[in-house]
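Before any comments, here is the structure.
2 protein chains.
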Amino acid sequence: MRFGVDVGGTTVKIGVCEDYKVVDTFVVKTTKENLFKDVCEGVVNYAKEHNGTIDFVGFGIPGVVIDNLIVNMPNIGLTNVNLNDVAKKYFPNAKIASTNDANAAALGEALVGEKSSSSYMVTLGTGVGGGYIIDDKVIAGPHAATGEIGHMYIDSKHEFQCNCGLKGCLETVASATGIVRLAKTYYNDYKTKLSKDTMSAKDVMDAAREGDALGLAVLDMVAEALGRALSIIAVTCDVDVFYIGGGVSAAGKVLLDAIKKYYNKYAFYALKNVRIELAKLGNAAGMISAAYLG
Amino acid sequence: MRFGVDVGGTTVKIGVCEDYKVVDTFVVKTTKENLFKDVCEGVVNYAKEHNGTIDFVGFGIPGVVIDNLIVNMPNIGLTNVNLNDVAKKYFPNAKIASTNDANAAALGEALVGEKSSSSYMVTLGTGVGGGYIIDDKVIAGPHAATGEIGHMYIDSKHEFQCNCGLKGCLETVASATGIVRLAKTYYNDYKTKLSKDTMSAKDVMDAAREGDALGLAVLDMVAEALGRALSIIAVTCDVDVFYIGGGVSAAGKVLLDAIKKYYNKYAFYALKNVRIELAKLGNAAGMISAAYLG
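Heads up: the protein sequence lines correspond to chains A and B, in order.
Each residue of the first sequence is one higher than the one before, counting from 1 in our numbering.
Each residue of the second sequence is one higher than the one before, counting from 1001 in our numbering.
Following this line, the structure appears as structure tokens:
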């Protein structure tokens, strides 16, 4: 049996996968202290109940993982968890693998998408992350930092302060947080029905779709930053296709079309019209991709 | 016998290599029309004269190569040369491989440098190129455009027009041409002994080393652009080491130290102090690296 583990703070989703599909799923409710113990017991119990063998367990981790060592999961508050030790104890005969969740999502899209030799996924959530895939393998890099494109310098116009300590990072404008920041910054410059105090990134994107002037202005700025970022990624590591995922990508075609417009404006001539697509995997993305890490 | 072919306009350098060293070398003088015919005959004749078999022939090409098809060599004026066809005719039993010269140079540095899992080389010549190596293999990308980092948007201050059609490209400021452009742009702002009409990039870098105010100002701008570019490459594809090569890198330590200063200023916190080194291979780089493409 092939298990894909999507690690969250207190809820861990585990998918039993076949043929790149989740055929069964279960949830482990746990605490920070017992997280991996509870997850592994859950997998062991599931296999026992279903008379299956545990062949593969893949972990998608919200944090930094290098060679199955979880260096840090900042939002959960765990550091230095050695997954090899954990797995050896609970399923000594299974193959295990792990990567961070942005890499896992990128692999998932590559696996379910049209066959490509390489792809780069950009995940637009609270922050901006990414993942680079060559021949259906995650390229994580020696510091597991490939895909930390949220911290690419891109915004020389505002140079907003980023949480990471730098200024002008892509995620200061292209994340959900960045979208609200831009909408607040330009609030008095455009006519809008948005509420300055309560608007969310989704509200801003919805407003753009409905023709709201502020929404459209922010959409344009976000798309320009992303189009430029993709043009830079393309010359750094040339790929067949870019995937745009994460919560912000729910904005859909209006965002995708605007990103494409700016990508083609800024792309090197040999790389115009590289495919840019919305991510296809929904909620199951984390589990499927984790299940196929190895 | 393992041959590395460094293709130039009218002179092609061929190295016979063993243990990552050039043990013999010969030059083929040719014309655009007869280039690959002359090169292959040269290899065949050399093997015959030395009673050797032709096991491997690697080609470093100044242009775009995809799967042994030379799409374009702009400075030579040849397009659509199928190296498989050429090689089949002259050495049907040899393995052949090819890549562009910037990728070849990057591989060469990775092979002779301290062992690394991945590296990115930046070549500072008339333009700026690059190459990305993982596990001693060139990552060229599906459009053979990985490493076209000369066309990464970096210079929002001047946004000089680039030959490629875009503005603000890295090579508009960090190439030999870019260095002279910057020196001319700021010529009246700094005290200098440089001649506005005749200075070369080497003159500007030499002046910087001698404390010339204009030279130092230009060096600082070039290093800032490169440090920023490396910080962007690092989050896009995290590597163990960056190599700085090409003619401009002859400026040496003064340039390297300035690039490191700006890299560490702009790098994502998890990637500060990644190794940045001057390229070690001299004139033989093209031949050695081509010889070890496969």
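Every residue, glycine too, gets a C-beta built ideally from N, C-alpha and C.
Remember, it's a predicted structure, so these values are computed and weren't measured experimentally.
Terminal residues of the beta strand (DSSP E) in which residue i lies
i	result
A:Asp24	21-29
A:Lys13	11-18
B:Asp1006	1002-1007
A:Thr123	118-124
B:Met1073	1069-1073
A:Val204	Run containing A:Val204: none in the beta strand (DSSP E); it sits in the alpha helix (DSSP H), 201-209.
B:Gly1077	Looking at the DSSP string, B:Gly1077 is not in any beta strand (DSSP E), and its letter there is neither H nor E.
B:Tyr1132	1128-1134
A:Ile66	64-66
Extent of the continuous alpha helix (DSSP H) to which residue i belongs
i	result
A:Tyr46	35-49
A:Tyr263	253-266
B:Gly1215	1213-1236
A:Asn84	83-90
B:Gly1178	1176-1185
Interface flag, residue i vs chain B, CB-CB below 9 Å
i	result
A:His151	yes
A:Pro74	no
A:Asp240	yes
A:Gly60	no
A:His143	yes
A:Phe268	yes
A:Val235	yes
A:Val64	yes
A:Ser200	no
A:Ile139	yes
A:Ser195	no
A:Ser118	yes
Cβ pair residue i, residue j closer than 9 Å
i	j	result
B:Leu1271	B:Val1235	yes
B:Lys1013	B:Gly1286	yes
A:Ile54	A:Val65	no
B:Tyr1120	B:Tyr1243	yes
A:Ala176	A:Lys202	yes
B:Ile1076	B:Lys1032	yes
B:Met1199	B:Ala1250	no
A:Ala174	A:Thr192	no
A:Asp238	B:His1151	no
B:Ile1233	B:Gly1130	yes
A:Cys169	A:Tyr153	yes
A:Gly227	A:Ile259	yes
B:Asp1136	B:Ala1110	yes
A:Gly141	A:Gly60	no
Buried versus exposed call for residue i [16 or more other C-beta atoms within 10 Å across all chains shown]
i	result
B:Pro1062	buried
B:Gly1015	buried
A:Glu114	exposed
A:Glu148	buried
B:Ser1098	buried
A:Asp197	exposed
B:Asp1019	exposed
A:Ser195	exposed
B:Gly1052	exposed
B:Tyr1292	buried
A:Asn103	buried
A:Thr11	exposed
B:Tyr1263	buried
A:Gly58	buried
A:Asp257	exposed
B:Asn1100	buried
Chain A contact for residue i (CB, 9 Å cutoff)
i	result
B:Ile1134	yes
B:Leu1271	yes
B:Glu1148	yes
B:Ile1276	no
B:Arg1181	no
B:Ala1217	no
B:Ser1156	yes
B:Ile1232	yes
B:Cys1164	yes
Three-way DSSP call (helix, strand, coil) for residue i in this model
i	result
A:Ala97	strand
A:Gly246	coil
A:Lys167	strand
A:Tyr292	coil
B:Gly1150	helix
A:Glu277	strand
A:Lys239	Just to set this straight, residue 239 of chain A is Val in the shown sequence, not Lys. If DSSP states are grouped into helix, strand and coil, A:Val239 belongs with coil.
A:Gly286	helix
A:Gly113	coil
A:Gly58	strand
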